[in-house]
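Single-structure report; data block below.
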Ligand SMILES: CC(C)(COP(=O)(O)OP(=O)(O)OC[C@H]1O[C@@H](n2cnc3c(N)ncnc32)[C@H](O)[C@@H]1OP(=O)(O)O)[C@@H](O)C(=O)NCCC(=O)NCCS
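Residue numbers (our numbering): 26 to 184.
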């Protein structure tokens with residue numbers, strides 16, 4: 026069993042697996058994101074089969090500081106809880122940190138998404154802000170609104 030990563034500018038897998046990957050964006054928004062030169066998207070495969078994706082973009086880049094935002098990470102349901110997302114997040118950090126500049130990575134997550142929060146905390150992401158009632162749920166099984174928690178992690182911070 027071997028897993029591998031591939032940087033991609035093709036949204037095919039996202040469109041194909043939009044539902045199991047829990048991507049709420051429209052096809053137009055997905056296409057726009059993939060056309061953006063500042064986007065970085067990583068596909069993860071297991072024995073050559075697609076199992077998950079991380080999508081994000083640079084918010085800011087200078088000679089000594091890069092800022093990056095993770096917009097979504099998802100693993101197909103039957104491959105969850107086996108450490109794949111952890112490895113995908115580590116792969117992103119490796120890729121962004123290649124030139125050892127100061128690097129800040131941001132993301133936001135629903136306060137009800139316990140597994141994702143566990144994942145980010147395990148990797149050293151720290152909550153720095155909260156947006157009350159930010160997400161509107163369409164599910165009758167979930168509360169109508171959920172808070173967003175904003176997380177960030179710094180690598181090679183300027184001293
Ligand atoms: C969040 C998500 C990406 C995690 O992917 P994953 O490959 O299952 O994550 P990992 O296996 O690396 O596990 C991360 C942590 O969550 C825990 N976890 C994940 N699924 C779990 C489950 N079903 N039961 C209990 N714990 C679980 C893991 O145990 C691990 O913590 P630990 O190492 O301390 O045990 C995945 O659940 C997913 O795709 N969710 C839908 C999309 C989503 O919500 N993305 C986040 C948007 S911000």
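Each residue gets a CB set at the ideal place from its N, CA and C atoms; glycine is no exception.
Values in this document were obtained by computation on a predicted structure and should not be read as measured data.
Query                                                                                                                                                : Result
With hydrogens ignored, establish whether the beta-carbon of residue 143 is closer than 7 Å to any heavy atom of ligand 1.                           : yes
Taking 7 Å as the cut-off, is the C-beta of residue 108 nearer than that to any heavy atom in ligand 1?                                              : yes
Cβ atoms of residue 111 and residue 147: under 8 Å apart, would you say?                                                                             : yes
In terms of DSSP beta bridges, what is residue 41 paired with?                                                                                       : Per DSSP, none; premise fails for residue 41.
For residue 26, which of helix, strand or coil comes out of DSSP?                                                                                    : coil
Cα separation between residue 141 and residue 154?                                                                                                   : 16 Å
Since residue 178 is in the beta strand (DSSP E), which residue starts that stretch and which ends it?                                               : 170-180
Tell me the start and end of each unbroken beta strand (DSSP E) in the segment 88-176 that is at least 3 residues and wholly inside, in chain order. : 90-100, 127-135, 151-161
Cβ of residue 78 versus every heavy atom of ligand 1: is any distance shorter than 7 Å?                                                              : no
Quick check on residue 54: does DSSP put it in helix, strand or coil?                                                                                : helix
Name, in chain order, the residues that DSSP records as bridge partners for residue 64.                                                              : 82
Distance check for residue 130 and residue 92, CA to CA, integer angstroms please.                                                                   : 6 Å
Could you give the distance in angstroms between the alpha-carbon of residue 37 and the alpha-carbon of residue 120?                                 : 22 Å
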